[in-house]
Amino acid sequence: MKLFARDALLPTGWARDIVIDIAGNGDIRAVDVAFATPADAERVQGALVPGMPNVHSHAFQRALAGLTERGGPRADNFWTWRTEMYRFLERIGPDEQEAIATQLYLEMLRAGYTSVGEFHYLHHDPAGRPYANPAEMAERIRAAAATTGIRLTLLPVFYAHSDFGGASPLPAQRRFIHDTESFRALFGALARQPGETLGIAPHSLRAVAPAELAELRELALAREERTPIHIHAAEQRREVDDCTAWSGLPPVQWLLDNTDVDERWCVVHATHMEAKEARGLAATGAVAGLCPTTEADLGDGVFPAAGYRAARGRIGIGGDSHVGVDPLLELRLVEAAQRLALEKRNVLARDGESSGLVLYQAALSGGAQALAQPVGAIAVGRRADLLVLDCDDPALAEQAPANLLDAAIFGPARHVVRDVMVAGRWVIGEGHHADEEAVLTRYRQTMKRLLA
Numbered sequence: 058m059k060l061f062a063r064d065a066l067l068p069t070g071w072a073r074d075i076v077i078d079i080a081g082n083g084d085i086r087a088v089d090v091a092f093a094t095p096a097d098a099e100r101v102q103g104a105l106v107p108g109m110p111n112v113h114s115h116a117f118q119r120a121l122a123g124l125t126e127r128g129g130p131r132a133d134n135f136w137t138w139r140t141e142m143y144r145f146l147e148r149i150g151p152d153e154q155e156a157i158a159t160q161l162y163l164e165m166l167r168a169g170y171t172s173v174g175e176f177h178y179l180h181h182d183p184a185g186r187p188y189a190n191p192a193e194m195a196e197r198i199r200a201a202a203a204t205t206g207i208r209l210t211l212l213p214v215f216y217a218h219s220d221f222g223g224a225s226p227l228p229a230q231r232r233f234i235h236d237t238e239s240f241r242a243l244f245g246a247l248a249r250q251p252g253e254t255l256g257i258a259p260h261s262l263r264a265v266a267p268a269e270l271a272e273l274r275e276l277a278l279a280r281e282e283r284t285p286i287h288i289h290a291a292e293q294r295r296e297v298d299d300c301t302a303w304s305g306l307p308p309v310q311w312l313l314d315n316t317d318v319d320e321r322w323c324v325v326h327a328t329h330m331e332a333k334e335a336r337g338l339a340a341t342g343a344v345a346g347l348c349p350t351t352e353a354d355l356g357d358g359v360f361p362a363a364g365y366r367a368a369r370g371r372i373g374i375g376g377d378s379h380v381g382v383d384p385l386l387e388l389r390l391v392e393a394a395q396r397l398a399l400e401k402r403n404v405l406a407r408d409g410e411s412s413g414l415v416l417y418q419a420a421l422s423g424g425a426q427a428l429a430q431p432v433g434a435i436a437v438g439r440r441a442d443l444l445v446l447d448c449d450d451p452a453l454a455e456q457a458p459a460n461l462l463d464a465a466i467f468g469p470a471r472h473v474v475r476d477v478m479v480a481g482r483w484v485i486g487e488g489h490h491a492d493e494e495a496v497l498t499r500y501r502q503t504m505k506r507l508l509a
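Be aware that the sequence shown starts at 58, since it is given in this note's numbering, and climbs by one per residue.
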């Protein structure tokens, strides 16, 4: 299969009249300049850019969006939101999990995400008992990805404690809990799935004791495949204070001092890092997984992006609780938070650079690394995960290629993705998915039960 694009975003920047040759397995085998549309090539109807990886997803939380927005005399914060989330997930079984994830993944594709890291911790039944198939809930995530066509990095979560120092789990956390033996069994069962990236997600330093974290890291290193390791850290100030009281160090610094953090790692949020921590994390080559719509929704705080990026820190973006399903919005908020905090503009771009291009390419590169998938660039050997931007959208109309991503991210555009390809196959055409009506019908029926 060959594609011809009048404008395409290559690793070196925007290029004109590009032919992309895609192998039968969905990988790109050649990228060339053409002086006319080749007779055997399909011409795409807009500018072509790589699809965006989503490094952090809790799929079931998509159904919670909009249900926790009631004010009152109490001090509402992340921790009160978490209590409401625990109550809500009691209603979610395997069928609900699959229906919600399928709707979410379809929405992701339409928005321009072509791969997702599912940070999956809803393992057991509502009483905390393993299902007859202990991997049942993970298999429903896989089914959702297969139905929609998005590519999955499955990140089963190890969760054993309610707080630092090995505190016993709370009753509301019973659906998450594993010991190292049961987690090894789950991980071994999931590892038998071909054609999928499998990682490990120690939930957080609150939920995983040091000895357990070391064992999980060894489990990842023992595999022949590159196995990503994702962990929440420093999302909330209370978490930082509690970690410091327990260990004498804030969570990111504890990881840097006590664990061999390297390019395999994605440290999710990392919101409350001191400058020394930001420089240290950047030096490891790990990715900071930023989720600005969720971080704003939960009142987490502002990630120190200016200092971290100045130290050459790598970033990826994620949807987390999915109050927003839009990579362009996530990138806009990464920059916007810096502008608000520092009272400056174009904070993350150097002189003369396009802020939109800098952010988009940074998230492509970091996202590909964090998900351990061969994506993030229109280049030989990468998977053909591609987006066609709708240049007839008023927000993009008559924009030069050099301005397209600035217009898409910082302008009023909200539906500028026309077509989406994953692994050489069109999954979204003119904004639509072949199965969207059936998927939405199932989702509506599920929400009707959940909200009854």
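The beta carbon of each residue, even a glycine, is placed where N, CA and C say it ideally should be.
Going by DSSP, what residues sit across from residue i in a beta bridge?
i, result
"F244", "Per DSSP, none; premise fails for F244."
"M478", "L443 and W483"
"N190", "Paired residue(s): none; N190 is not in a bridge."
"E99", "L60"
"Y170", "M109"
"V325", "H289 and G346"
"P259", "F215"
"E331", "Beta-bridge pairing links E331 to no other residue."
"I514", "Limits of the chain in this structure are 58 at one end and 509 at the other, which puts residue 514 out of reach."
"H512", "Residue 512 falls outside the range modelled here, since the chain spans only 58 to 509, and no answer is possible."
"D84", "R440"
"G413", "Bridge partners of G413: none, in fact."
"R73", "D64"
Residues in its own chain within less than 8 Å of residue i by CB, not counting five upstream and five downstream?
i, result
"M504", "A120"
"R294", "H329 and G358"
"T341", "L313, V318, D319, E320 and W322"
"V90", "A72, R73, D74, I75 and V76"
"D450", "A470, H472 and V473"
"A242", "P191"
"Y188", "P151, H181, D182 and M194"
"P307", "A291, V297, C300, T301, H329, M330, E331 and E334"
"I85", "I77, D78, I79, I435, A436, V437, G438, R439, R440 and A441"
"G83", "R440, A441, V479, A480, G481 and R482"
"A122", "S378, H379 and V380"
"H401", "Looking at the sequence itself, residue 401 is Lys, so the reference to His does not match. Excluding sequence neighbours, K401 sits near Q395."
"N315", "P267"
Assuming residue i and residue j form a contact by the criterion Cβ under 8 Å, report the distance between their Cβ atoms to the nearest whole angstrom.
i, j, result
"V101", "L166", "Not really, about 16 Å apart at Cβ, beyond 8 Å."
"V380", "G206", "About 24 Å; that fails the 8 Å criterion."
"R366", "L405", "6 Å"
"A266", "H218", "6 Å"
"T301", "L255", "Not quite, the Cβ-Cβ distance comes to about 33 Å (not below 8 Å), so this is no contact."
"F135", "L355", "5 Å"
"Q418", "R208", "That belief does not hold up - the Cβ atoms of Q418 and R208 are roughly 20 Å apart, past 8 Å."
"V391", "G108", "That belief does not hold up - the Cβ atoms of V391 and G108 are roughly 18 Å apart, past 8 Å."
"A168", "A116", "With a Cβ gap of about 15 Å, A168 and A116 do not count as contacting."
"G185", "R232", "6 Å"
"H113", "G376", "7 Å"
"L276", "F244", "7 Å"
"P458", "D64", "4 Å"
Apply the 10 Å Cβ neighbour rule to residue i and answer buried if 16 or more other Cβ atoms are within range, or exposed otherwise.
i, result
"Q310", "buried"
"R389", "buried"
"N111", "buried"
"L124", "exposed"
"E238", "exposed"
"F561", "This structure cannot speak to residue 561, because the chain is shown only from 58 to 509."
"E269", "buried"
"A362", "buried"
"T171", "buried"
"G174", "buried"
"S225", "exposed"
"T210", "buried"
"E410", "exposed"
"D408", "exposed"
Give me, in chain order, the residues of the same chain whose beta-carbon lies closer than 6 Å to that of residue i; leave out the 5 immediate sequence neighbours on both sides.
i, result
"A258", "F176, L212, V214 and H287"
"I466", "L385, L388, R389 and G413"
"F240", "F215"
"P68", "A434 and A436"
"G337", "L313"
"D383", "A168"
"A520", "Because the chain spans 58 through 509 in this model, residue 520 falls outside it and cannot be assessed."
"A62", "I75, V101 and L105"
In chain order, what residues of the same chain lie with their CB nearer than 7 Å to the CB of residue i, ignoring the 5 residues before and after it?
i, result
"L507", "A120, R148 and E153"
"L461", "A104, L446 and L453"
"E493", "L163"
Fill in: Stretch-stretch touch, CB-based, cutoff 8 Å, three pairs: the segment 407-414 with the segment 177-191
no
Discussion item. Would you call the segment 422-438 in contact with the segment 361-374, where contact means no fewer than 3 C-beta pairs closer than 8 Å?
Written reply: yes
Discussion item. Taking contact to mean 3 or more Cβ pairs, one atom from each stretch, closer than 8 Å, check whether the segment 341-348 and the segment 320-328 are in contact.
Written reply: yes
Worksheet item: Would the segment 428-445 and the segment 468-481 be scored as touching if the rule is three or more Cβ pairs under 8 Å?
Response: yes
Worksheet item: Does the segment 149-161 come close enough to the segment 481-499 that 3 or more CB-CB pairs lie under 8 Å?
Response: yes
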